[in-house]
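Numbering (the working numbering), first residue to last: 490 to 834.
Worksheet for the structure shown next.
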Amino acid sequence: MDKLLNKIIAGDCIEILNGIKEPFADLIFADPPFNIGYKYDKYHDKQKKEYYIDWTKKWMTACNNILKPAGSFYIAIGDDYAASVKTIAEDELKLFCRNWIVWHYTFGQQMKNKFARSHTHIFYFVKDKKQFTFNDNVLRVISDRQKIYNDKRANPEGKMPDDVWNEYPRLCGTFEERTGWHPCQMPESILARIIRASTHEGDWVLDPFNGSGTTTVVAHKLLRNYTGIDISKKYVTEAIKRIKNSSLAVEGEGKLEWTEGLNNELKWFYHENKITTEELMDSEELLGIFTYKFNERMKKVFTPEDITKRLVYLRKSGKLGPLGYSRKQNNEKETSLWESGMTQK
Ligand SMILES: C[S@@+](CC[C@H](N)C(=O)[O-])C[C@H]1O[C@@H](n2cnc3c(N)ncnc32)[C@H](O)[C@@H]1O
């Protein structure tokens with residue numbers, strides 16, 4: 490098994506996984522080619538429907554065989570084959586579907602004479618419907634009862650995020666996170682949510698279609714073990730570099746240093762909470778909940794002041810925007826309003 494541990498491997502995932510006899514993965518995230526004609530280095534993404542479904546069965550079976558009994562299996566898929574994936578998983582592999590997540594983004598493919606496609610399905614399956622890892626405490630966000638209704642019945646721990654994920658934009662070419670050498674890179678924020686939800690530190694995450702390496706790089710940053718497989722040697726070489734150049738998001742437990750990883754984590758957490766900086770500034774209670782939940786997720790002890798200062802900094806430097814890239818700050822009015830809010834506190 491050592492040949493797989495913390496490795497990115499070039500090869501066919503079906504062949505490689507069929508050669509492994511013992512289940513090792515606590516979490517599998519699979520984002521296969523969707524059969525929609527994307528241009529990959531070594532894979533032809535336009536197969537006959539029957540062939541593609543048969544191939545889907547083969548790789549799903551190979552993955553399922555090496556998934557541990559209490560493991561989780563997430564599959565990202567487009568509209569055309571979502572039904573086939575669900576049927577194979579439930580009817581043939583006897584997996585349980587815990588969530589049918591829809592990742593909604595607004596930067597989809599443009600259309601001339603029909604509505605623009607702006608979502609991807611993410612299935613969340615488990616092998617055992619009673620035994621699985623799900624860390625709700627580090628995923629919860631401020632609820633409407635807390636944010637809007639000021640309702641005393643609100644759970645102080647917040648609420649679970651919805652199964653429609655619209656807080657994570659699709660990576661466009663101008664984003665800093667974009668590697669530039671892979672045609673369809675998933676955002677790290679999505680993988681961070683999935684890995685946090687379904688694994689503990691030290692667990693083993695597998696991505697059989699590693700691509701640009703998003704899953705494995707996030708697993709590494711979050712102190713999980715990983716294995717990535719891709720048919721393209723070029724992608725594998727680049728993904729290994731991506732891991733080598735990454736810094737750990739949770740490095741130095743308790744340490745209050747705003748690393749690049751922590752800045753990203755704060756940005757993601759901010760968008761997951763769907764709250765404005767003004768709302769946070771205006772309510773000590775909401776800022777307190779936000780700080781408490783962020784600290785719990787990151788194992789830190791930031792004060793509400795630390796959090797506001799950092800949000801101000803990120804906002805002023807254009808790094809907090811939902812667009813997720815460093816844009817030049819050109820909204821003076823917005824900045825000064827925000828700053829005057831700071832001085833009132
Ligand atoms: C949709 S992309 C994955 C993107 C990835 N989630 C990311 O964030 O970068 C699918 C990948 O599967 C790879 N692939 C295609 N057939 C494969 C096979 N049989 N075994 C392993 N990888 C394969 C392609 O080279 C491509 O990089």
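Backbone N, C-alpha and C define an ideal beta-carbon position, used for all residues, glycine too.
Paired residues, beta bridge with residue i - DSSP
i: V653; result: V591
i: V801; result: According to DSSP, V801 bridges with nothing at all.
i: A708; result: Note: A708 sits in no beta bridge, so no partner.
i: K756; result: Looking at the DSSP assignment, K756 forms no beta bridge with any residue, so it has no partner.
i: L516; result: S561, V694
i: K528; result: H533
i: Y715; result: V694
i: K496; result: T716
i: F585; result: V615
Collapsed DSSP secondary structure at residue i in the structure displayed
i: S678; result: helix
i: Y563; result: strand
i: S829; result: Bear in mind that the predicted position of S829 carries a pLDDT of just 32, short of 50, making it too unreliable to give a figure here.
i: F614; result: strand
i: V627; result: helix
i: G508; result: coil
i: L769; result: helix
i: L812; result: With a pLDDT of 45 at L812, under the threshold of 50, the predicted position of this residue should be treated as unreliable, though the coordinate-derived value follows. In this structure, L812 counts as coil in the three-state DSSP scheme.
i: T779; result: Looking at the sequence provided, one finds Phe at residue 779 rather than Thr. In this structure, F779 counts as helix in the three-state DSSP scheme.
i: L660; result: coil
i: T609; result: strand
i: C502; result: helix
i: E666; result: coil
i: K817; result: With a pLDDT of 36 at K817, under the threshold of 50, the predicted position of this residue should be treated as unreliable, and no value is reported.
i: M490; result: coil
i: L745; result: coil
Exposure label - residue i; buried when at least 16 CB within 10 Å
i: C661; result: exposed
i: L493; result: buried
i: W589; result: exposed
i: D491; result: exposed
i: L809; result: buried
i: G813; result: At G813 the pLDDT is 43, less than 50, meaning the model places this residue with poor confidence; the figure from the coordinates comes in the next sentence. Label assigned to G813: buried.
i: K817; result: With a pLDDT of 36 at K817, under the threshold of 50, the predicted position of this residue should be treated as unreliable, and no value is reported.
i: E690; result: exposed
i: R642; result: exposed
i: M600; result: exposed
i: D771; result: exposed
i: A551; result: buried
i: E504; result: exposed
Residue i: CB within 7 Å of a non-hydrogen atom of ligand 1
i: M549; result: no
i: K531; result: yes
i: S721; result: yes
i: D520; result: yes
i: P697; result: yes
i: Q598; result: no
i: Q674; result: yes
i: T703; result: yes
i: G700; result: yes
i: D633; result: no
i: I683; result: no
i: Y613; result: no
i: C552; result: no
i: H671; result: yes
i: Y724; result: yes
i: D501; result: yes
i: I590; result: no
i: I566; result: no
Test: residue i CB closer than 8 Å to a CB of chain C
i: C661; result: Of the protein chains in this structure there is only one, and it is not chain C.
Does the segment 758-768 come close enough to the segment 725-738 that 3 or more CB-CB pairs lie under 8 Å? no
Check whether the segment 548-568 touches the segment 504-516, counting contact only when three or more Cβ pairs, one atom from each stretch, lie closer than 8 Å. yes
Evaluate contact between the segment 792-808 and the segment 622-636, counting only Cβ atoms and requiring at least three cross-stretch pairs below 8 Å. no
Does the count of Cβ pairs from the segment 570-583 and the segment 541-549 closer than 8 Å reach three? yes
Cβ contact (3+ pairs, closer than 8 Å) linking the segment 637-649 and the segment 590-606: no
Does the segment 774-787 come close enough to the segment 708-716 that 3 or more CB-CB pairs lie under 8 Å? no
Does the segment 521-541 come close enough to the segment 659-676 to have 3 or more Cβ pairs within less than 8 Å? yes
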